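Novice: One structure follows; several queries about it will come next.
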Ligand code: ATP
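Laid out in structure tokens, this is it:
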């Protein structure tokens, strides 16, 4: 038997799931540590939700094994797992008050009334809704309703909380606020959060680590900084940030060697050439105004890349209102430091 003190909160070993001919999850192995804020990020249909449902027990894997805190739960029904799920559609009971909604799960479990009340009040305080316990869900905003859903899960004091695009229904501003708040709440309660999203910025903002999914497989698991600064594949470089890929003859000309490379837009200089920098000449194809910054899309004077496309780099530059240099059609020199060139693994034949 494994020592529980060192067991990860969640361990997946070679988990796969097929629905008919669809291979939704294609052999995933993963450890998630106790108290970690872990995100599963990927495009629609990449298998994130299926993995979450397998951890919750709503879905049986076709093959593979799931452990929670060192115990094999693969064959265990959902209600016996020490796990709670928060969905995007909050599914609150409209005829009950907020407090009653939060208490409901404890009532089903026959927890005594006084304890129910005190735990529900505490959970509402955790999500900063203690003043709204008497309201009906219809009297709350979308963000507040989402917090009630969170309180309803927290009241059970699970070891693991699974969140499936919980902020998906909120508008952008509220979503940003809730991202910060959710991260604070997770720190406060200290339980493991597994968070599914297709929004890269959301994953970068909130997570201790992120798994990037594509076509049922994990492409890379890393901290937000590692994922952004050192993506290992073109897919990850493109899904987390702007990829700025150079390959084939373009790479040979611009980088000076064979391979597939990426340079992040903010690492490229437009008007100055730092000591030791590499340079490339090009023509500004487009200037995209972003408010606090501009994106300059530059066609390089270089032969086509491995896919036959003419090489282009996007440069991010703070909007200093000094942009005499930088209009569409202007000739320009780009510069970057060699350490900011990211070397990517070439795509395998299978994933190409
Ligand atoms: P999204 O962000 O759109 O929710 P996802 O990354 O969570 O996508 P999944 O929902 O896990 O992806 O789906 C992975 C694949 O499995 C998709 O091709 C999907 O159509 C398929 N799939 C998921 N559930 C079922 C099911 N119950 N029956 C048949 N196919 C399914």
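Residue numbers (the numbering used here): -9 to 342.
Think of the CB as a built atom: it goes at the ideal place given N, C-alpha and C, for glycine as much as any other residue.
As the structure is a computational prediction, the values presented were derived from the model and not from experiment.
#1: Near residue 57, which residues of its chain fall below 6 Å by C-beta distance, leaving aside the five closest residues on each side in sequence?
#2: Less than 7 Å separating the Cβ of residue 188 from some heavy atom of ligand 1?
#3: Three or more C-beta pairs closer than 8 Å, one from the segment 254 to 266 and one from the segment 325 to 333: is that the case here?
#4: Are residue 73 and residue 46 touching if we call contact CB-CB under 8 Å?
#5: Among 144, 186, 179, which residue has its Cα nearest to the Cα of residue 155?
#6: What are the start and end residues of the beta strand (DSSP E) that includes residue 250?
#7: Could you tell me whether the segment 213 to 225 touches the segment 262 to 278, using the rule of 3 or more Cβ pairs below 8 Å?
#8: Please tell me whether, using a cut-off of 7 Å, the distance from the CB of residue 12 to the nearest non-hydrogen atom of ligand 1 is below it.
#9: Can you tell me whether residue 42 is helix, strand or coil according to DSSP?
#10: Have a look at 158, 323, 102, 286 and flag the residue whose alpha-carbon is nearest the alpha-carbon of residue 306.
#11: Leaving aside the five residues before and after residue 225 along the sequence, list all residues of the same chain whose C-beta is less than 7 Å from its C-beta, in chain order.
#12: For ligand 1, any of its heavy atoms closer than 7 Å to the Cβ of residue 415?
#13: Return the first residue and the last residue of the alpha helix (DSSP H) that residue 168 is part of.
#14: By how many angstroms is the C-alpha of residue 59 removed from the C-alpha of residue 149?
#15: Give me the Cα-Cα distance between residue 302 and residue 55, rounded to the nearest whole angstrom.
#16: Contact check, residue 168 vs residue 157 under 8 Å by CB: the rounded distance?
#17: Can you say whether residue 279 is buried or exposed, counting buried as having 16 or more other CB atoms within 10 angstroms of its CB?
#18: Residue 86 by DSSP, collapsed to three states: which one?
#19: Whose CA, out of 284, 181, 238, 272, lies closest to the CA of residue 27?
#20: By how many angstroms is the C-alpha of residue 116 removed from the C-alpha of residue 277?
#21: Which runs of the beta strand (DSSP E) spanning at least 3 residues fall entirely within the segment 175 to 210, listed in chain order?
#22: Where does residue 21 fall in DSSP's three states?
#23: Which of the three DSSP states, helix, strand or coil, is assigned to residue 151?
#24: In the DSSP output, which residue or residues are listed as bridge partners for residue 30?
#25: Which two residues bound the contiguous alpha helix (DSSP H) that contains residue 134?
#26: Can you tell me whether residue 218 is helix, strand or coil according to DSSP?
#27: If you draw a straight line from the alpha carbon of residue 271 to that of residue 325, how long is it in whole angstroms?
#28: Is residue 239 helix, strand or coil by DSSP?
#29: With a 10 Å radius around its C-beta and 16 neighbouring C-beta atoms as the bar for buried, classify residue 5 as buried or exposed.
#30: Please report whether the beta-carbon of residue 293 lies at a distance below 8 Å from any beta-carbon of chain D.
#31: CB residue 42 to CB residue 190, shorter than 8 Å?
#32: Are the segment 228 to 238 and the segment 286 to 300 in contact at 8 Å, needing three or more beta carbon pairs?
#33: Give the single residue among 171, 44, 253 whose Cα lies nearest to the Cα of residue 219.
#34: Quick one: is the Cβ of residue 225 within less than 7 Å of any heavy atom of ligand 1?
#35: Would residue 89 be called buried (16 or more neighbouring beta carbons within 10 Å of its own) or exposed?
Specialist: Concretely, from the data shown:
#1: 1
#2: yes
#3: The segment 254 to 266, when compared against the segment 325 to 333, does touch it at the 8 Å Cβ threshold.
#4: yes
#5: Comparing alpha-carbon positions, the option among 144, 186, 179 lying closest to residue 155 turns out to be 186.
#6: Residue 250 -> beta strand (DSSP E) spans 250 to 252.
#7: With the cut-off at 8 Å, the segment 213 to 225 and the segment 262 to 278 do not touch.
#8: yes
#9: Reduced to three states, the DSSP call for residue 42 is helix.
#10: Shortest Cα-Cα distance from residue 306 to any of 158, 323, 102, 286 involves 286.
#11: 204, 209
#12: What the structure shows of the chain is the stretch from -9 to 342, and residue 415 is not part of that stretch, so it cannot be assessed.
#13: 162 to 179
#14: If I take the Cα positions, the gap works out to 9 Å.
#15: 45 Å
#16: 5 Å
#17: By the 10 Å Cβ count, residue 279 comes out exposed.
#18: coil
#19: 181
#20: 45 Å
#21: 182 to 187, 199 to 204
#22: strand
#23: strand
#24: In the DSSP secondary-structure assignment, residue 30 is bridged to 186, 201.
#25: 132 to 144
#26: helix
#27: 9 Å
#28: helix
#29: buried
#30: No chain D appears in the structure shown, which is made up of a single protein chain.
#31: no
#32: yes
#33: Restricting attention to 171, 44, 253, the CA atom closest to the CA of residue 219 is found in 253.
#34: no
#35: buried
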